[in-house]
Structure formats: C-alpha cells, structure tokens
Amino acid sequence: MSNDNPFGEAMDDAAEEKDRVDQQDSSDFDTEPYYDALNTGVKDHTIGVSVSEEMHQFWRELQDTDDVDVNPAQSIRNHLENLAHRHPDVFERAMRKLEIDREM
1 MSNDNPFGEA
11 MDDAAEEKDR
21 VDQQDSSDFD
31 TEPYYDALNT
41 GVKDHTIGVS
51 VSEEMHQFWR
61 ELQDTDDVDV
71 NPAQSIRNHL
81 ENLAHRHPDV
91 FERAMRKLEI
101 DREM
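Counting from 1, one number per residue, gives the positions in the sequence shown under my numbering.
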C-alpha cells in the first residue's frame, strides 16, 4: 500500500498548473515600453494629492525660487517611476488596464 495522498497530489498538480499559467500570463505582456514612457511621455494628465496649507505654500515657494535647484513636480514623477519598478506586478496590472481602456 502506498503512502501517496491522491488529494494532496491533485492539489499540488493544480498549484503547479496555476503557477505555469501565471508565468505565461505575465511573460506575454511587455512592460518595457510603458516603463520607458513613464517619465518621458507627454505629460497631459494630472494627479491630485491633498496637502496641508503649509505644505502647499512650501510647494509654491519651491517652484518659484531660484535658490533651490529642484523641480518638485519632477521629483514626484521620479518617485512614482521608482515605485513602478519596485512593484512590477501592480505596474503590469495598471498597464494592462490602460491597454483595455485604450481599446475602448
């Protein structure tokens, strides 16, 4: 008599099949063009971030001053690009949704 557990084997087989499908799904979508467009594409959309009155005033001063060599908007874009690279699954999901929206 074998110690094999048919139910356990079936579960293992199903998990392996799911992993294969997941790998195929993610490998057939090329995210590189989207990464390239993150910070170099046309900037025709805005995002809103709520801030305090103090932060808003500081933001305006950063934009207006010549004393500081920083572009606050570009700093935020750079941070979002870093997050895209740090969380590739979320980025890929977002780009897939973008493609669906573009097709409609």
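Every residue, glycine too, gets a C-beta built ideally from N, C-alpha and C.
Any idea if residue i is buried or exposed, counting beta-carbon neighbours within 10 angstroms, 16 or more meaning buried?
| i | result |
| --- | --- |
| Met95 | buried |
| Ala84 | buried |
Between residue i and residue j, what straight-line distance do the alpha-carbon atoms span, to the nearest angstrom?
| i | j | result |
| --- | --- | --- |
| Leu80 | Glu9 | 43 Å |
| Val77 | Glu16 | Strictly speaking, residue 77 in this sequence is Arg, with Val absent from that position. So the alpha carbons of these two residues sit roughly 38 Å apart. |
| Met1 | Thr31 | Unreliable placement is indicated for Met1, whose pLDDT of 48 sits below 50; no coordinate value is reported for it. |
How far does the alpha helix (DSSP H) with residue i in it reach, from first residue to last?
| i | result |
| --- | --- |
| Asn78 | Pro72 to Arg86 |
| Phe58 | Glu53 to Asp64 |
| Asp36 | Glu32 to Thr40 |
Residue j and residue i - do their beta-carbons sit closer together than 9 Å?
| i | j | result |
| --- | --- | --- |
| Phe29 | Glu92 | yes |
Assuming residue i contacts residue j under a Cβ cut-off of 8 Å, what Cβ separation, rounded to an integer in Å, is found between them?
| i | j | result |
| --- | --- | --- |
| Val70 | Leu62 | 6 Å |
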